[in-house]
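Notes to accompany the following structure.
Numbering (the working numbering), first residue to last: 3 to 841.
What follows is the structure, encoded as C-alpha cells:
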C-alpha cells in the first residue's frame with residue numbers, strides 16, 4: 003500500500019504544480035478509470051464562488067461512487083482578496099479560476115461557471131440581483147444542467163434563508179432550485195435546444211451541517227427525516243490515501259484565499275437535506291437511477307465486456323485487456339445516445355491509450371504565436387508495449403493535414419514528426435474569453451454561446467492523431483502545448499497561446515493629476531511578432547489634451563518592447579475618466595493590453611483585456627512626504643500614494659526598529675497584515691512607541707478570524723464582521739471638527755460619491771473611549787455601523803484604524819478616497835488642536 007500511496011501523492015502534487023504535463027497513469031489509475039467507466043451517473047454541486055465547494059463530497063462522488071461529478075460556481079471570485087499577490091478584480095478571477103481547475107484535477111471533478119461577475123460582498127439576494135442579470139445567469143445554470151445532465155444536484159447553500167449569509171450564496175441556491183424544474187421545460191430558453199436537449203434531474207439536496215442550525219446542540223435536536231447521512235471519510239487502498247486527504251489537497255489549491263488545510267483520516271459525516279424529488283430509502287443518492295450500462299440502449303453488451311475487465315483486472319499487464327476494451331469501444335461508437343456515447347468514448351479512449359503504453363505528445367518550442375505566423379508543431383509517439391500500433395494520419399483543425407501514413411510505431415522507440423504550418427487568420431485568441439469584451443459590474447459579456455459555462459478558453463490548436471491499435475482505428479486528440487526545459491524545473495509544459503501582433507499598455511492602473519500641470523504618460527508597446535511598424539495614439543476624455551496626437555513605432559524583434567511618451571494635460575476642474583492607447587498597423591487596430599499571471603501552482607496565463615488606465619484630476623492637498631508601508635495580504639496602496647507625490651518605502655516587518663521608523667511622516671499597515679504577518683505581534687510595541695513620540699500609524703482592515711494577536715492598537719479594539727457592501731450607502735459625518743476631515747482637505751458628503759464595490763469591511767464593533775468614531779454608514783435595512791474609521795490620540799501622535807476599502811478605491815482613482823487618505827497621513831501635521839479628538 004505504501005507504494006501506491008507514494009505514486010498517487012507524487013502524481014497529485016506533480017499535476018497541481020505542472021498542470022499541462024502529460025499524464026503518467028499507473029495500473030491503479032487505469033483500474034480506477036475502468037471503475038468510473040462502468041458507472042453511468044452524474045452529480046452537480048452548485049454554489050457561488052471558488053472555495054465554496056465541498057471538496058470532500060466532490061472527491062467522494064468522483065472517487066468512491068465513481069460518478070461524473072461537476073462543480074458549478076456562478077462566479078470566478080473576482081471580488082475577493084488575494085493573499086499571494088496583487089491581482090484583484092478581473093486578474094484575481096483568472097487566478098481563482100485556475101486554482102479551481104487545479105483543485106478539480108486533484109479531486110476528479112469538472113468545473114463550470116456562469117457569466118455572473120463577483121462584484122463584492124452582498125448581504126441579500128435582492129442586492130445581488132440588482133447587479134446580476136437574473137435571466138442571463140439562470141439561463142447559464144440551465145445551460146450547464148442541460149449539457150451536464152445531472153441525476154442529482156447538491157446546493158451548497160439554503161435557498162429558503164435570504165439575508166442570513168452572503169447574498170451570492172443564497173442566490174446560487176435560489177437559481178439552482180428554480181432551474182431544477184425549468185431545465186425540463188422546452189419553452190424555457192428554447193434557443194438552447196438546437197445544441198442541447200431538455201433534462202430532468204432526479205433529486206436535489208441542500209448540503210447542510212450543524213453550522214446552518216446555529217449550533218451542534220440545535221442540529222442534534224432537529225428533524226432529520228429528510229436528511230441523508232454520508233460517511234465521506236473512506237479510504238482508498240489501491241491509492242493508499244483517504245478521501246479526506248484528497249479533499250484537503252484539493253482545497254489547498256485555493257492559495258490566494260489562504261485555504262491551505264491539513265488532510266483528515268477516519269469518519270467524515272456529511273449531511274444532505276432533500277429539497278426536490280423522492281427521498282431514498284437508504285443513504286443512496288442514486289436510488290431508483292439506473293447507473294449501469296443497461297441505462298442506455300445498446301449498453302447491455304458493453305457492460306458485460308467492461309464488467310469482466312473490472313472484475314479480472316490485470317495490474318501487472320493491463321495491456322492484456324486491450325482486445326476487450328477495443329471491442330467495447332466499437333460498441334460505444336454505435337450508441338444512439340450522444341451524451342453517453344461522447345462522454346464514455348473519451349473515457350475509454352484514455353484507458354486504451356494508457357493500457358497500450360502509447361506515449362503521445364504535441365508541443366511547440368515557443369509559448370505563443372500570432373495569426374498568419376508559421377509555427378513548428380512537434381509530435382512524439384512512443385509504443386512502450388508489444389502492441390501493433392500504426393500511425394494513419396495527423397491533422398490539426400484546418401491548419402494542416404497529413405494523411406496516407408502507414409507506419410508502424412516500433413516497440414520502445416521514440417518516433418518524432420515536425421510539421422511546419424501557418425496559422426489561419428481565423429484563429430481566436432485563447433486569452434480568458436470572458437474578459438475579451440467589456441461587461442458590467444455584475445455581468446461578463448460572452449457573445450459566443452458555446453463558450454458559456456466553460457472554465458477557460460479552449461486551446462485554439464487541436465491535433466488529431468489517427469492510429470490503429472491491433473487493427474482498430476482510434477483518433478487521439480491533443481492540444482498544442484509549449485514545452486520548455488530549464489535548469490531549475492527540468493521539463494515544463496504550459497498552454498500555447500494565440501496573441502495579437504502587438505499589445506499596448508500604460509504602466510500604471512491609475513494616474514492622478516493633483517493640479518493642472520502636464521504629465522508624461524508612458525505607453526509600453528510590446529511586439530509579439532517580428533518587424534512591427536505602425537502608429538500609436540492615445541485616446542483621452544473630453545476636456546483633456548494629449549500631445550503628440552500620434553507617434554510612429556517600429557520594433558524589429560518579437561518580445562521586444564518600446565516605450566513611447568505622451569504629454570497629457572488635465573482640465574482645470576476635477577475630472578475622472580480613462581485613457582486608451584491605440585496601435586495601428588496598416589488597416590489593423592490593436593487596443594488590447596497583455597498581462598501575464600505566473601505562479602507555480604497554475605499554468606501561466608496570458609490575459610488580454612481592453613487597454614485602459616483611469617485618470618483623475620483632483621484638487622488635493624497633502625502634508626508630509628515620506629511614508630513607511632508594511633505590506634499585508636497584497637494591495638496597490640503604495641503605488642497609489644506615489645501617484646499623489648508621496649515617497650513610499652516598503653518596510654520589512656522583521657527589521658522594524660524605533661530608530662528606523664523616525665524617518666517616516668506616517669506608517670501605513672497593509673490590508674490583513676495582522677492576519678498574515680506573524681512578526682507584527684512582536685513589533686506592535688515599537689509601532690505604538692513611534693506613535694507616542696508624535697508619529698501617525700494607519701492600520702487598514704483585518705478579518706476577525708485568524709488574527710496573529712488581539713493587540714491591534716494601543717487601546718482596546720474588537721473586530722467584527724460588520725461591513726457596508728453598498729458603495730453608494732449614505733455616509734453620516736459624526737465628528738465634523740475632527741482633523742482627519744478638515745486638514746489639509748475639507749471632506750464633505752461629495753467625497754463619498756463614485757466609490758467602487760463597497761464602503762468597507764470587518765469594522766470594529768467595540769472600542770475604547772480613547773477612539774473617536776468619525777463616520778457612520780449602513781446598508782439598507784440595517785443599523786448604523788460606526789466603526790469604519792476610528793481615530794485616537796496616543797501620546798504626541800495619532801493611531802488610526804480603518805475598515806474603509808481604500809485598497810479598492812485608490813487603485814480605482816476615486817477622488818474622495820484619495821483626499822481622505824491624504825488627510826489620515828497628514829493628521830500629525832495638523833494645526834487643529836488635539837482636544838478635537840476625544841480623550
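Beta carbons are placed, not taken as given, at the ideal position from N, Cα and C, and that holds for glycine.
Please read all numbers here as calculations on a predicted model, not as lab measurements.
Quick one: residues in its chain with C-beta nearer than 8 Å to the C-beta of residue i, no 5 flanking neighbours on either side, listed in chain order?
i, result
"residue 186", "200, 201, 202"
"residue 580", "543, 614, 615, 616, 617"
"residue 488", "494"
"residue 464", "398, 399, 479, 480, 481, 482"
"residue 254", "261, 262, 263"
"residue 285", "230, 231, 232"
Provide the residue span of the beta strand (DSSP E) that contains residue i, from first to last.
i, result
"residue 496", "492-497"
"residue 528", "521-529"
"residue 107", "Where residue 107 is concerned, there is no enclosing beta strand (DSSP E), although the alpha helix (DSSP H) it sits in stretches over 91-109."
"residue 769", "762-769"
"residue 233", "229-233"
"residue 70", "70-75"
"residue 622", "Element bounds for residue 622: n/a, residue is neither H nor E."
"residue 683", "It is not in any beta strand (DSSP E) - residue 683 instead sits in the alpha helix (DSSP H) that spans 682-694."
"residue 779", "777-779"
Does the Cβ of residue i have 16 or more other Cβ atoms within 10 Å, making it buried, or fewer, making it exposed?
i, result
"residue 765", "buried"
"residue 213", "exposed"
"residue 106", "buried"
"residue 178", "buried"
"residue 162", "exposed"
"residue 738", "exposed"
"residue 1", "For the chain, the structure presents residues 3 to 841; residue 1 sits outside this window and is missing."
"residue 558", "exposed"
"residue 320", "buried"
"residue 65", "buried"
"residue 583", "buried"
"residue 120", "buried"
"residue 1", "What is shown of the chain runs 3 to 841, which leaves residue 1 out entirely."
"residue 664", "exposed"
Quick check: the Cα distance between residue i and residue j, rounded to an integer number of angstroms?
i, j, result
"residue 13", "residue 741", "Reliability of the predicted coordinates at residue 13 is poor, the pLDDT of 38 falling under 50, and the value obtained from them is presented with this limitation in mind. Whole-angstrom Cα-Cα distance: 59 Å."
"residue 73", "residue 49", "8 Å"
"residue 676", "residue 480", "47 Å"
"residue 243", "residue 237", "6 Å"
"residue 561", "residue 529", "5 Å"
"residue 659", "residue 692", "9 Å"
"residue 1", "residue 436", "With the chain running from 3 to 841 in the structure shown, residue 1 is simply not present."
"residue 124", "residue 641", "28 Å"
"residue 502", "residue 514", "30 Å"
"residue 684", "residue 694", "17 Å"
"residue 350", "residue 438", "36 Å"
"residue 130", "residue 172", "9 Å"
"residue 813", "residue 757", "11 Å"
"residue 134", "residue 175", "14 Å"
"residue 457", "residue 95", "11 Å"
"residue 47", "residue 192", "24 Å"
"residue 323", "residue 156", "36 Å"
"residue 827", "residue 509", "26 Å"
"residue 733", "residue 790", "10 Å"
"residue 745", "residue 654", "30 Å"
May I ask which residues mark the beginning and end of the alpha helix (DSSP H) holding residue i?
i, result
"residue 213", "212-215"
"residue 62", "Note, residue 62: premise wrong, no alpha helix (DSSP H); not H, not E."
"residue 31", "29-39"
"residue 247", "245-253"
"residue 539", "Not the alpha helix (DSSP H): residue 539 falls in the beta strand (DSSP E), residues 534-541."
In chain order, what residues of the same chain have a beta carbon less than 6 Å from the beta carbon of residue i, not counting five sequence neighbours either side?
i, result
"residue 565", "524, 526"
"residue 553", "538, 566"
Looking only at its chain, what residues have a beta carbon closer than 7 Å to the beta carbon of residue i, apart from the 5 residues adjacent to it on each side?
i, result
"residue 454", "117, 142, 145, 448"
"residue 234", "58, 59, 62, 245, 270, 272"
"residue 747", "622, 623, 821, 824, 825"
Take every Cβ of the stretch 763-780, pair it with every Cβ of the stretch 804-815, and state whether three or more of those distances are shorter than 8 Å. With contact defined as three or more Cβ pairs closer than 8 Å, the stretch 763-780 and the stretch 804-815 are in contact.
Is the stretch 694-701 touching the stretch 723-730, taking contact as three or more C-beta pairs under 8 Å? Contact fails: fewer than three Cβ-Cβ distances are below 8 Å.
When the Cβ atoms of the stretch 414-430 are set against those of the stretch 77-88, are three or more pairs found closer than 8 Å? Contact check between the stretch 414-430 and the stretch 77-88: fewer than three CB pairs, one atom from each, fall below 8 Å, which does not count as touching.
Are the stretch 85-102 and the stretch 38-48 touching by the rule of at least three beta carbon pairs closer than 8 Å? With a cut-off of 8 Å, the stretch 38-48 and the stretch 85-102 do not count as touching, because too few Cβ pairs lie within range.
When the Cβ atoms of the stretch 381-390 are set against those of the stretch 357-370, are three or more pairs found closer than 8 Å? Touching, yes.
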